[in-house]
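Colleague: Handing you a structure now.
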C-alpha cells in the first residue's frame, strides 16, 4: 500500500450557542492519502484481491491513530472514502465497506455498531462531511453529528483518501429529547 | 493586565480550537530524506473591537488577548510536534470576519504581545512570516513558514493551508500559529551560498 501522506485534524469546541461547553467537545479525524490500488487498470471486475491486500492494513493504520489524536475514549465514530477523479466510487467503497477495515476501529474503540460513512468522488481539495453516530447504539440521537474535512492537495486523480473520525461525546449543547420519549 | 493563561476561554471569547497536521511519506513517488510534520493550530475568538471605529485605540485589548493566544496556540503546536526542539520553521496568520477591520487581525498577530511570545515559546530568532485576510467563514488561508532561526534558509520556505469551516463569523477572528519539523520533501533549489550572481547583465538574454 502506497501512502503519500497522513492528515490529522482535531477540533475542540469550547463555546457553542454563546455558552461555555462545560467539558470541551473533541472530534478527531485521521486520513490516509493512498494510491488507488486499481489506478490505470481500466474496469476491474473483481475488486476482492485489492480489498484483501489493503483494507485491513488501512484499518490497522488509522484506528489507533484516530483514537490517539482524540485522546479520550470515543463515543461516536464514522468513516470516509474520497476517490480521485480517475477512479470509481466503488474503489473507495470496497476499501471501507468490509469488516476487514472497520473491525480494527470497532475493536480498538469497544464499539459494536456499523460505521456511518461518506463515499464521494472529487478533485483535490474537495470538501467532505464525515457522519458520526454512537459506537454501541446508532439510535442515540445526542451523538448524531458530522465533521467537515478538506485536504488542499488530495485526492489526486489516481488517489483515494481513506479517513476515520471519532468524537468523545455527542453534539456540544445537545438537548433533544431521546427517541423513546416520542414513542 | 494580562489574563490568566490557565482559564482563557471566557476572557478572550474562545469558541474553538482546530489542529491540522500532516506527515508526508512519499512525494513525487519517492520517500523524503527526512520525515517531516507540518501543523497549524487555529483559535476562533470573538473580535473584541466589533462595532468600534478606526479611531479606536487597539493597544489595551491586544496586550490583554494576544499573549493568551500565543501561549494557547504554541502549547498545542509543541505538544503535536513532540517538543519545541523539533520545530524548525514557523509562521502565523489571522482571518478577520466581515464586520471587522484587517487592522484587528494585525493587532493580534503583528505586535510583540503575540510575535515575541510565539518566537520565545518556539525557541526561534527569526521574524515570523505571516498571512492575513478578511473573509467569510470557511476561507482557506495559505500560511507561509520559514526557518525559525535562519529565515533565508531556502529549503524551509513552505506553506500549510488552514481552514475552519464555520469561522470566522462576521464578528470573530481566527488566529493561527503554524510550524514544521523540517524542510520541503525534496529541497533542491540551492541556497544563497550556492547561487550564481544573477543580474540582467549576467544573463545573455532577459525575457521581456
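Protein chains in written order, with the numbering used here: chain W, 4 to 186; chain P, 81 to 288. Positions of the beta carbon are idealized from the N, C-alpha and C atoms, including for glycine. All figures in this text were calculated on a predicted structure; none of them were measured in a lab.
#1: In or out: residue 161(P) buried (at least 16 other Cβ within 10 Å) or exposed?
#2: Is residue 11(W) close to chain P, meaning its C-beta is less than 9 Å from at least one C-beta of that chain?
#3: Return yes when the C-beta of residue 12(W) is under 8 Å from any heavy atom of the ligand HEM, and no when it is not.
#4: Could you tell me the distance, in whole angstroms, from the CA atom of residue 40(W) to the CA atom of residue 89(W)?
#5: Under 8 Å between beta-carbons, which chain P residues line up against residue 155(W)? List them in chain order, please.
#6: Do residue 6(W) and residue 36(W) have their CB atoms nearer than 9 Å?
#7: Nearest to residue 168(P) by CA position, among 273(P), 260(P), 277(P), is which residue?
#8: What's the call for residue 46(W), buried or exposed, on a 16-neighbour Cβ count within 10 Å?
#9: Give, in chain order, every unbroken run of the alpha helix (DSSP H) that is at least 4 residues long and sits entirely within the stretch 156-199 of chain P.
#10: Do residue 51(P) and residue 207(P) have their C-beta atoms closer together than 9 Å?
#11: Using a Cβ-Cβ cut-off of less than 8 Å, give me the residues of the stretch 4-30 of chain W that come near chain P, in sequence order.
#12: Residues of chain P with CB under 7 Å from residue 151(W), in chain order?
#13: Measure the CB-CB distance between residue 255(P) and residue 185(P) and report whether it falls below 9 Å.
#14: Does any residue of chain P have a CB that is nearer than 9 Å to the CB of residue 130(W)?
#15: Determine the closest residue to residue 1(W) out of 102(W), 87(W), 64(W), 107(W), with distance taken between C-alpha atoms.
#16: Which of the three DSSP states is assigned to residue 137(W) in this structure?
#17: Please report how far the alpha carbon of residue 95(W) lies from the alpha carbon of residue 107(W), in whole angstroms.
#18: Counting only C-beta atoms, is residue 83(P) closer than 9 Å to chain W at any point?
#19: Rounding to the nearest angstrom, what Cα-Cα distance links residue 161(W) and residue 90(P) in this structure?
#20: With contact counted as at least three CB pairs below 8 Å, one residue from each stretch, are the stretch 70-86 of chain W and the stretch 118-132 of chain W in contact?
#21: Taking the alpha-carbon of residue 33(W) as reference, which of 127(W), 66(W), 101(W) has the nearest alpha-carbon?
#22: Jot down the residue ranges of each uninterrupted beta strand (DSSP E) in the stretch 26-99 of chain W, minimum 3 residues, whole runs only, in chain order.
#23: Applying a beta-carbon distance threshold of less than 7 Å, which residues of chain W neighbour residue 96(P)?
#24: Could you name each continuous beta strand (DSSP E) segment of 3 residues or more that falls completely within the stretch 108-138 of chain P, going from the start of the chain to the end?
#25: Within the continuous alpha helix (DSSP H) that includes residue 107(W), where are the two ends?
#26: Would residue 165(P) pass as an interface residue toward chain W - the criterion being a Cβ-Cβ separation below 9 Å?
#27: Could you compute how far the alpha carbon of residue 178(W) sits from the alpha carbon of residue 144(W)?
#28: Keeping to the same chain, check which residues put their C-beta closer than 6 Å to that of residue 175(W); ignore five residues upstream and five downstream.
#29: Expressed to the nearest angstrom, what Euclidean distance is found between the alpha-carbon atoms of residue 273(P) and residue 266(P)?
#30: Counting only the same chain and skipping the five closest in sequence on each side, list residues whose C-beta sits under 6 Å from that of residue 31(W).
#31: Anyone know if the C-beta pair for residue 151(P) and residue 201(P) falls short of 9 Å?
#32: Give a yes or no on whether 9 Å exceeds the smallest Cβ distance from residue 101(P) to chain W.
#33: Taking 8 Å as the cut-off, does the stretch 213-222 of chain P touch the stretch 106-116 of chain P (at least 3 CB pairs, one atom from each stretch)?
#34: Name the chain W residues whose beta carbon is nearer than 8 Å to that of residue 194(P)?
#35: Closer than 7 Å by beta-carbon distance: list the chain W residues that pair up with residue 89(P), in chain order.
#36: Residue 249(P) by DSSP, collapsed to three states: which one?
Modeller: Let me spell this out:
#1: buried
#2: yes
#3: As for the ligand HEM, it is missing from this structure, which has no ligand bound.
#4: 12 Å
#5: 220, 241
#6: yes
#7: 260(P)
#8: exposed
#9: 182-189
#10: Here chain P covers residues 81 to 288 and nothing more, so residue 51(P) does not appear.
#11: 5, 6, 7, 8, 9, 10, 11, 12, 13, 14, 15, 16, 17, 18, 19, 23
#12: 245
#13: yes
#14: yes
#15: A query on residue 1(W) cannot be resolved here, the shown segment of chain W reaching from 4 to 186 and no further.
#16: strand
#17: 17 Å
#18: Because the pLDDT at residue 83(P) is just 44, under 50, the model does not fix this residue reliably, and the point stays unresolved.
#19: 46 Å
#20: yes
#21: 66(W)
#22: 79-86
#23: 14, 15, 16, 17
#24: 117-126
#25: 102-112
#26: no
#27: 10 Å
#28: 16, 19, 24, 28
#29: 18 Å
#30: 13, 69, 72, 73, 169
#31: yes
#32: yes
#33: no
#34: Per Cβ cutoff of 8 Å: no residues; residue 194(P) is ~19 Å from chain W at best.
#35: 17, 18, 23
#36: coil
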